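Residue numbers (full-length UniProt numbering), protein chains in the order written: chain A, 1 to 287; chain B, 1 to 238.
Every residue, glycine too, gets a C-beta built ideally from N, C-alpha and C.
Values in this document were obtained by computation on a predicted structure and should not be read as measured data.
Working notes, structure below.
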C-alpha cells in the first residue's frame with residue numbers, strides 16, 4: 001500500500017509541476033521564446049499574492065484573483081515594450097534579456113521582502129485530507145492536480161475554439177504570413193505573455209500554499225518546468241501534464257527510497273526520457 | 001487608380017532590387033509582371049504589401065499614401081496576397097486558415113465570416129478538404145489554399161505570386177479558370193508568373209522587370225513582340 005500511496009502522491013505532485021510548466025510551454029509554443037525568468041516570475045507572483053493577503057487580509061485564493069489581472073498587465077507590458085524588441089532570428093538576445101530579468105527579479109525581491117522563507121496561509125485546507133479507500137490524499141494536492149487539468153483544458157479551449165487561439169496558432173506557424181492576414185504578431189505575442197502570467201499566478205498560488213518560498217527558488221522551478229515541457233514534447237499541453245507527472249512520480253519514489261534522492265530522481269527520469277525519446281513523449285506532428 | 005507606385009527604390013546593400021519603379025493599376029485591371037529570376041518581382045510584392053519598406057518613393061493605395069503603413073494595416077485596407085511557395089498555417093485546418101484570414105483580415109467576428117469562407121472554399125474546390133490539416137495538402141491544393149486565403153482577407157487588390165508554377169497543364173487550366181472568374185467579377189489583380197500562356201490568358205497589361213527596373217509596360221501582344229523584351233526575358237536572338 002505504501003507504494004500505491006507514493007504513486008498517487010507523485011501523480012498529484014506532477015500537477016504542480018505541470019502548472020509551473022504550462023506558462024513556459026505557452027510562451028515557447030507561440031513565439032519560440034525561452035523565458036529564463038519564468039521561475040522567478042512564479043516567485044514574484046507568489047510574493048504579490050502574499051502582499052495582497054497581508055495588506056487586505058484576504059485568503060490566498062481571493063488574493064490570486066486580484067493578482068491575476070495585475071500579472072496579465074505586467075506580462076502584456078513586458079512583451080510589448082521589452083521582449084518584442086529582441087525577438088528575431090537570433091535566439092540569443094531574448095535569452096540574455098530574460099536572464100537579466102531573472103537576476104533583477106531575484107535581487108529586487110530580496111531587497112523588498114528579505115531572504116526570509118514565506119508561506120501563503122491557506123487555513124484548514126492545508127492539512128485536510130480525504131480517504132479514498134486504498135489511499136488517503138490531501139485536499140491541497142488533489143486541488144492542485146484538478147487545477148492543472150482545468151488550466152490545460154482551458155488553454156486548449158482557447159487555442160482550438162476561439163479566434164484568439166487560431167491567431168495564436170497561425171502566428172506560431174508563421175508570423176510574417178500571419179501579418180499578411182491582418183494579424184498583428186506583436187499584439188498577439190503580448191496577449192500570449194499576459195495569458196502566460198495568469199497561469200504563472202495560478203502556479204504561484206499553489207506553490208505558496210504547499211511549500212515555503214523565498215526569492216532564490218525561482219531557477220529550480222524553471223528547471224522542473226523545462227523538464228516537464230521537454231518530457232511531454234514541445235507544444236503539447238497534455239504532454240506537459242504527463243511530463244510533470246513523470247517528474248513528480250520519480251521524485252516521490254526517489255524520496256521513498258532515500259529522502260536525499262528526491263530531486264535527483266526527478267532529473268534522472270528526465271535524462272532517461274531524453275535518451276529514449278529525444279523529442280519528448282508527445283511531439284507535435286509538424287515542427 | 002487603385003494602386004500607384006512613384007519612383008520606388010529599395011536596395012539590399014549594394015544590390016538595387018527596386019530601382020525607380022513607377023506604375024499604376026486602374027480599378028478592375030489585371031496586370032501581369034514578368035522578368036528573369038532575381039529581377040525583383042517578389043520584392044515588388046513585399047513593398048506593396050508592406051513587408052519591406054522602400055528606401056525612397058511613394059506607394060498609394062485607394063488614394064491614400066501607405067508607404068509607411070505596416071503590412072497588417074494594408075491587409076485591412078484590401079491588399080491580399082498569395083505566396084510563390086505556399087505558406088499555409090500547417091497546424092491549422094483548411095477552414096481555420098480561411099477563418100483566421102477572414103476574421104483578422106477584415107476585422108470581423110468568426111461567426112460573421114463563416115458563410116464567406118464556405119463560399120470561397122467552394123469556388124476554389126477546397127470544400128471537401130475543409131477539415132484537413134493544411135500541412136497534409138498536395139501541391140495543387142496548397143496553391144488553391146493560397147488563393148483562397150488571399151481571397152478570404154477580402155481584398156480589393158489581389159497579388160498572385162507564381163501561383164501556376166509547378167502545376168500540371170490540367171491543374172494550371174483549372175486554376176486559370178478560377179482566377180479568370182474572380183477577375184470577371186471585378187477583382188483587380190497583379191500577377192507574377194513564369195507560365196506565360198496562363199498569364200496572357202487573363203491579364204490586360206504586362207509589365208517587364210529586370211534588375212529592379214521597369215523596362216516595358218503595355219498590352220501583352222505588344223510586349224511579347226518587343227525586341228528588347230525578347231532578348232532580356234526570353235533569351236532569344238532578335
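Opposing strand residues paired with residue i [DSSP bridges]
i: residue 124 of chain B; result: Answer is none; residue 124 of chain B lacks a bridge partner.
i: residue 113 of chain B; result: According to DSSP, which records beta bridges pairwise, residue 113 of chain B is partnered with nothing at all.
i: residue 12 of chain B; result: B:15
i: residue 216 of chain B; result: B:208
i: residue 118 of chain A; result: A:213
i: residue 61 of chain B; result: B:3 and B:64
i: residue 133 of chain B; result: B:93
i: residue 25 of chain B; result: B:3
i: residue 161 of chain B; result: B:192
i: residue 79 of chain B; result: B:157
i: residue 183 of chain A; result: None, per the DSSP bridge assignment.
i: residue 138 of chain A; result: A:129
The ligand SAH heavy atom lying under 7 Å from the CB of residue i
i: residue 200 of chain B; result: For the ligand SAH, the structure offers nothing, since it holds no ligand at all.
Within-8 Å CB hit, residue i to chain B
i: residue 232 of chain A; result: no
i: residue 166 of chain A; result: yes
i: residue 286 of chain A; result: Confidence at residue 286 of chain A is low in this model, with a pLDDT of 44, below 50, so its placement is unreliable and the value that follows should be read with caution. Yes - at least one Cβ of chain B is within 8 Å of the one on residue 286 of chain A.
i: residue 163 of chain A; result: yes
Within-8 Å CB hit, residue i to chain A
i: residue 76 of chain B; result: yes
i: residue 104 of chain B; result: yes
i: residue 84 of chain B; result: no
i: residue 71 of chain B; result: yes
i: residue 81 of chain B; result: yes
i: residue 27 of chain B; result: no
i: residue 68 of chain B; result: no
i: residue 110 of chain B; result: yes
Where residue i falls, given that 16 or more other Cβ within 10 Å makes a residue buried
i: residue 142 of chain B; result: buried
i: residue 38 of chain A; result: buried
i: residue 103 of chain A; result: exposed
i: residue 95 of chain B; result: buried
i: residue 251 of chain A; result: buried
i: residue 68 of chain A; result: buried
i: residue 37 of chain B; result: exposed
i: residue 15 of chain B; result: exposed
i: residue 242 of chain B; result: Outside the shown range of chain B, which is 1 to 238, sits residue 242 of chain B, and nothing can be said about it.
i: residue 259 of chain A; result: exposed
7 Å Cβ shell around residue i - same chain, five flanking residues per side excluded
i: residue 215 of chain A; result: 43, 106, 109, 110, 113 and 115
i: residue 183 of chain A; result: 167, 170 and 171
i: residue 69 of chain B; result: 50
i: residue 159 of chain A; result: 165, 168 and 169
i: residue 140 of chain B; result: 167 and 171
i: residue 45 of chain A; result: 67, 71, 200, 201 and 204
Cutoff 8 Å; reference residue i; Cβ partners in own chain excluding five residues on either side
i: residue 238 of chain B; result: Any reading at residue 238 of chain B needs caution, since the residue's pLDDT is 42, under 50, leaving its predicted position unreliable; the model's value is listed next. Within the same chain, residue 238 of chain B has close Cβ partners 227, 230 and 231.
i: residue 135 of chain A; result: 1, 4, 5 and 8
i: residue 117 of chain B; result: 95, 98, 99, 102 and 152
i: residue 286 of chain A; result: Note on residue 286 of chain A: pLDDT 44, under 50, position unreliable in the model; the coordinate value appears next. Excluding sequence neighbours, residue 286 of chain A sits near nothing in its chain.
Residues near residue i by beta carbon distance below 6 Å, same chain, minus five either side
i: residue 39 of chain B; result: 209 and 210
i: residue 24 of chain B; result: 1 and 4
i: residue 81 of chain B; result: 49, 150 and 159
i: residue 200 of chain B; result: 220
i: residue 30 of chain B; result: 183, 189, 202, 203 and 204
i: residue 99 of chain A; result: 36
i: residue 179 of chain A; result: 185
Residues from the stretch 89-100 of chain B in contact with chain A, defined by Cβ distance under 7 Å: 89, 90, 91, 92, 96, 99 and 100
Chain A contacts from the stretch 44-65 of chain B (Cβ-Cβ distance under 7 Å): 49 and 51
Interface positions of the stretch 124-155 of chain A facing chain B (Cβ-Cβ less than 8 Å), listed along the chain: none
Residues, ordered as in the chain, of the stretch 165-194 of chain A that lie near chain B by beta-carbon distance below 8 Å: 166, 167, 169, 170, 172, 173, 174, 176, 177, 178, 179, 180, 181, 182, 183 and 184
Interface residues of the stretch 151-182 of chain B facing chain A [CB-CB below 7 Å]: 153
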